[in-house]
Every structure is written in C-alpha cells, then in structure tokens.
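Those protein sequence lines, which keep their order, are chains A and B.
Numbers given in the working numbering equal positions in the first sequence, counted from 1, plus 4.
Numbers given in the working numbering equal positions in the second sequence, counted from 1, plus 379.
All C-beta atoms, glycine included, are put in the ideal place defined by N, C-alpha and C.
Reviewing the structure listed below.
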Amino acid sequence: MTEDMKTRRRFLRQAGLAALGVFAVAGARRAAAASDPKGLFAGQFLEDGHVVNIPAGHYDREQMLFVEEATGRPMVAQSQQMTGSWTYSDTTRCTNMFYPNNGAPTCAAYDSDQDSHPDGFKPGE
Amino acid sequence: MTAEILIVTGEHDSTADLMVLELRERGVPFRRFHPQDVPRDARVSLRFGPDHPPAAHAGAFGDTIDWDRIAAVWYRRPEPYSLSPGLTAEEREFAYHECTSVMQGLWRSFDAFWVNHPDRIRIAESKPLQLTLARRLGFAIPRTLFTNDPEALAALWEACDGRIVYKSMTQGVLGQSLQQSVYTNRVGADHLARADLLRNAPGLFQEEVAKAADLRITVIGDRLFPVEIRSQTDPDARVDWRRGEVPRMDHVAVTLPKPIETACLALNRALGLHYSAIDMVVTPDGDHVFLEINPSGQFGWIESVTGLPLIATLADLLIEGRDRRWTDPIAG
Numbered sequence: 005m006t007e008d009m010k011t012r013r014r015f016l017r018q019a020g021l022a023a024l025g026v027f028a029v030a031g032a033r034r035a036a037a038a039s040d041p042k043g044l045f046a047g048q049f050l051e052d053g054h055v056v057n058i059p060a061g062h063y064d065r066e067q068m069l070f071v072e073e074a075t076g077r078p079m080v081a082q083s084q085q086m087t088g089s090w091t092y093s094d095t096t097r098c099t100n101m102f103y104p105n106n107g108a109p110t111c112a113a114y115d116s117d118q119d120s121h122p123d124g125f126k127p128g129e
Numbered sequence: 380m381t382a383e384i385l386i387v388t389g390e391h392d393s394t395a396d397l398m399v400l401e402l403r404e405r406g407v408p409f410r411r412f413h414p415q416d417v418p419r420d421a422r423v424s425l426r427f428g429p430d431h432p433p434a435a436h437a438g439a440f441g442d443t444i445d446w447d448r449i450a451a452v453w454y455r456r457p458e459p460y461s462l463s464p465g466l467t468a469e470e471r472e473f474a475y476h477e478c479t480s481v482m483q484g485l486w487r488s489f490d491a492f493w494v495n496h497p498d499r500i501r502i503a504e505s506k507p508l509q510l511t512l513a514r515r516l517g518f519a520i521p522r523t524l525f526t527n528d529p530e531a532l533a534a535l536w537e538a539c540d541g542r543i544v545y546k547s548m549t550q551g552v553l554g555q556s557l558q559q560s561v562y563t564n565r566v567g568a569d570h571l572a573r574a575d576l577l578r579n580a581p582g583l584f585q586e587e588v589a590k591a592a593d594l595r596i597t598v599i600g601d602r603l604f605p606v607e608i609r610s611q612t613d614p615d616a617r618v619d620w621r622r623g624e625v626p627r628m629d630h631v632a633v634t635l636p637k638p639i640e641t642a643c644l645a646l647n648r649a650l651g652l653h654y655s656a657i658d659m660v661v662t663p664d665g666d667h668v669f670l671e672i673n674p675s676g677q678f679g680w681i682e683s684v685t686g687l688p689l690i691a692t693l694a695d696l697l698i699e700g701r702d703r704r705w706t707d708p709i710a711g
C-alpha cells in the first residue's frame, strides 16, 4: 500500500465514513455535533496577496480619471499596471477635496488606505 | 438629444480609466458614475407618476446624469456605498439595504443596452449554474462538488485519487484586513482532516485537471479573444495562475476549435451576457476543459501584455448598442 493510500484510508477513518463501516452515521453526527468547529475550511488556504505601493493620488472629476497627486498624470498612463490577480495596495489618497467654483480642486486632507483591486492595479514597474 | 454611454464603476479602476481615454479619443459622449458616492455625496432620484414616464437623475458634486439620455451602460466594478460612519450597526444595515433597493430599482426600471446588467451578472456568477449550462452546451467539465458535508468531500477525494482542488465560490475576499487571499489550492490529507470546518461554510471542490496551459477567452459581443496563459513554467502558478507573476508569463493569442467557439458564444447568450471572460484548461492531450465564466472578469492586463484590442472592441460594442438601442428584457 502506498503512503498516499494509507493517508487517504486514515482520513476516511477520521471522517467516520459509514461506507467503511467504522462508525454508524448517527454516531458520527453526534460526535460532530459535540465539537463545534471554529474557523473556515477556506482559512487553511489563506496566503499573502500581492501588495503594491501606489503613490498618493485622487480621482479627478474633470478628467474622470484617477491621477497621481505629484504630477496630475493619470495613473493608467503608466506601464504594466494590471496583473489580472487580486492585489492589495497601500494607497495614499485625498480624503477631503475642495472643488472651488473658480480655480483648481485642492486636496485638504490625505489618508492612507488599504485598498483591494480585483484587476491587480500595479503602476510603475 | 445626444445619447450617452454610462460607465458605472469605482473611483479607482484602471480598466475603466482606459475606457474613458478611448471614448474621449473618439469623441463619444459618455458619463462616469460611482455608486460608492451614494448616499452621502451623490444624489439619486427616481420619479414615477400617472402622467409621465419614469424619470431618474443621479449625480455627484453638481454633475447630474439624466437617465433619459443614457442608451448604453458598462457596469464595471462598482464599490460599496459610502455609509456614514456615525450610524449604528443596525442603522448601517438598514441604510445599506435602502441604498441597494433604490440603485437596483434604477438599474431595473430604465431601458438601455447593458454590458452587463447587474441582475444578469448576479445570476451568471452562480458556479453551479455555469457548470449546468456548460455541460448542456457540450463543454467538457471536471467532476465538481459543492458541499458542507465532510463525507461527500471524502468520497470525491477518493474517487479522484486525492487530486482535487478547493476554490472559493464567490469573489468575496477572506483575509482582506491582513491583505491575504484564497487562491485555488490542492486539497491534501491535512486539509481533509479539518473537513469538519465545512459545517461553518460550504466549499467548492473540483477534480484537478492536468494542464498544458490555462486559457482565458475574453468574449465581447460576438467576438472572441482566446489567449493561452503559459502558467506551467512558473511553479507558483501551476494550480492557479493568479498566484504567479502574471505579466511575466507568456500570453499567446490562439484560435479555438470551432465547437468551443460556438459553445462560448452560446454560453454568453444563455446567461444574457454581452461580455465575459471564460476560464478553461488545455490538457496535455490538447483537450479543452471548462472551468468557469466571469461575467465581470478582468481583461486590462491581457491587452497590455498581448496588444489585443479589447478596450477598442468593447467601446465598439457599447457604441453599437447605444445606436441600435438594444434593450434588455429585464427593463424592456
């Protein structure tokens, strides 16, 4: 018997499969109910995501684009931005933007956010 | 009155930014709306009465969108509503549902060409439905199990000789606060030993299909852009290509066998989608196996890596939909 098969058999015993005749189904259910599991099965697969640093920026309502604070350039104009995978970023963005009737919008306050991006936003490689 | 295209998304969406540049370059009238501005920064009003057709206005910061002018909508990736942090948890829950109700009412009550309508997206995201339709349309599909039953999981593991993978069923991110993700993973005996955790939430388990390459098929209207992602050269990406350094993997535009092309278009039609990203596997024997369809799947990186004209094709589709005044039966 291979090690793999042994492991599988071991698991099947642990799971209390009635098909193997090790436990009665009702008995197994009672045993399961007695211990209330904490956490999620998915939690076993948690791993670090892709994290990138995105320079300070804000959404420019005039251009309808997300722009870099320092240059006013659309971040999308930079190369190699998307990875197709879920990405997290440490983003400094404007949290209090003034839109005066005359004159350029002015950011009065910044904050650092942790954002998640389904398209793997990844500027400026 | 000039008909406009509406982009519904969030502030921070680089793919939407590419569309903004494309439409502006072409001189196409368009608007951009962020549901995340609702309810605090954006005003939304829907008016109904016996003596006038439904009317809706939405907008933020003095920029008002008259829904009567909107003939095509690209429903991209809206972000959550901006609820007041001053509300209690109960008040926030109530406010969230009220916001959802008014925004869903807006999407459902006014006629336009949608890529894609959010109700269609919601239905199409159902993985059991995807597999049901895919099999019916002739795709090869892997043995798949959705369960919270440890015994059912064990039986699948046994039947597949221990070669199965776990996937999340939704795009919900577990571990966002720690910037962690759950990718597709092989299920080992040590994982199975914690199958009791399925009592807290079911999982999606699938027979692991041997890969020569991953295949991402971007479907825009009736055009297909199949691209092989040569993920198997990157050890980190063998089970899930998203885990690897995606832009550094070889991406190769390919031609699909005719029956697969036909089935991809039929799947989109069956789900009422005008856009999708279909994930398949090419096996070492050259067979094509369906994994899933993403009604709002990403494509920006594919354009930047391969040069395929995805944004331009999507812009063509939105313009065509705007001009033909195609409608969706949900609103029509």
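Let me know if I444(B) comes out buried or exposed under the rule of 16 or more other beta-carbons within 10 Å of its beta-carbon.
buried
Assuming R455(B) contacts V407(B) under a Cβ cut-off of 8 Å, what Cβ separation, rounded to an integer in Å, is found between them?
Actually they are not in contact, since the Cβ atoms of R455(B) and V407(B) sit about 16 Å apart, beyond 8 Å.
Taking only the alpha-carbon atoms, compute the straight-line gap between E640(B) and R471(B) and give it to the nearest angstrom.
Their backbone Cα atoms lie some 46 Å apart in a straight line.
From L577(B) to L397(B), what does the alpha carbon distance come to, in whole angstroms?
41 Å
List the residues that DSSP assigns as beta-bridge partners of Q677(B).
Partner residues in a beta bridge of Q677(B), as assigned by DSSP, do not exist.
Could you tell me which chain B residues have their CB closer than 7 Å to the CB of P41(A), listed as they occur along the chain?
D575, L576, R578 and N579
Is it buried or exposed, V544(B), if we count other Cβ atoms within 10 angstroms and call 16 or more buried?
buried
Taking any Cβ of chain B, which residues in the region 64-79 of chain A have a Cβ under 9 Å from it, in chain order?
R65, Q67, M68, L69, F70, P78 and M79
Look up R514(B) in the DSSP assignment and say whether it is helix, strand or coil.
helix
Would you grab the beta carbon distance between M68(A) and V399(B) for me? Rounded to a whole angstrom, and I think it's under 8 Å.
5 Å
For R515(B) and L652(B), believed in contact at Cβ under 8 Å, the rounded distance
The C-beta distance from L652(B) to R515(B) rounds to 16 Å, too long to fall under 8 Å, and the pair is not in contact.
According to DSSP, is V668(B) part of a helix, a strand, or is it coil?
strand
For the candidate residues L635(B), N673(B), G679(B) and Q677(B), whose alpha-carbon lies nearest to that of D666(B)?
L635(B)
For L644(B), the nearest candidate out of I596(B), P464(B) and A439(B) (CA to CA):
I596(B)
Give a yes or no on whether 7 Å exceeds the smallest Cβ distance from A46(A) to chain B.
Closer than 7 Å to some Cβ of chain B, the Cβ of A46(A) qualifies, so yes.
Enumerate in chain order the residues of its own chain whose CB-to-CB distance from S353(B) is below 6 Å, with the five nearest sequence positions on each side excluded.
Lying before the first or after the last residue shown, residue 353(B) is absent from chain B, which here runs from 380 to 711.
Host alpha helix (DSSP H) of I698(B) (start-end):
L689 to R703
Coarse secondary structure for M659(B), derived from DSSP in three states
strand
Chain A contact residues for D396(B), given Cβ-Cβ distances below 7 Å
L69, F70, P78 and V80
Apart from the five residues just before and just after T662(B), which ones in its own chain have a Cβ nearer than 8 Å to its Cβ?
V588, A589, K590, A591 and V668
Does any residue of chain A bring its CB to less than 7 Å from the CB of F440(B)?
yes
Whose Cβ in chain A lies nearer than 7 Å to the Cβ of N564(B)?
F49
Anything in chain A within Cβ reach of R411(B), meaning under 8 Å, just list it in chain order.
M68
Just grab the DSSP bridge partners of L339(B) for me.
This structure does not reach residue 339(B), given that chain B is present from 380 up to 711, and the question cannot be answered.
Exposed unless 16 or more other CB atoms sit within 10 angstroms - verdict on F473(B)
Result: exposed.
Here's a check: name, in chain order, each residue in its chain whose Cβ is nearer than 7 Å to the Cβ of S393(B), leaving out the five neighbours to either side.
Listed in chain order, the non-local C-beta contacts of S393(B) below 7 Å within the same chain comprise G679, local neighbours out to five positions each way being set aside.
Taking 7 Å as the CB-CB limit, is V561(B) close to chain A?
Using a Cβ-Cβ cut-off of 7 Å, V561(B) counts as an interface residue toward chain A, since at least one Cβ of chain A sits closer than that to its own.
Less than 7 Å between CB atoms is the rule here; does S655(B) satisfy it with respect to chain A?
So no, S655(B) is outside the interface.
Helix or strand or just coil, what does DSSP make of G47(A)?
helix
Taking the alpha carbon of A60(A) as the point to measure from, which residue in P41(A), G76(A) and K42(A) has its own alpha carbon closest?
G76(A)
Name the chain A residues that come within less than 8 Å of L462(B), Cβ to Cβ?
Neighbours of L462(B) in chain A, taken as residues at a C-beta separation under 8 Å, are lacking, since the least C-beta distance is about 16 Å.
When the cut-off is 7 Å and only beta carbons count, does E390(B) lie next to chain A?
Answer yes: the Cβ-Cβ gap between E390(B) and chain A drops below 7 Å somewhere.
Can a CB atom of chain A be found closer than 7 Å to the CB of L553(B)?
yes
A395(B): first and last residue of the uninterrupted alpha helix (DSSP H) it sits in:
S393 to R405
Is it the case that the Cβ atoms of R369(B) and A450(B) are separated by a distance below 7 Å?
No answer is possible for residue 369(B): it lies beyond the span of chain B, which begins at 380 and ends at 711.
DSSP state of H653(B) mapped onto helix, strand, coil
coil
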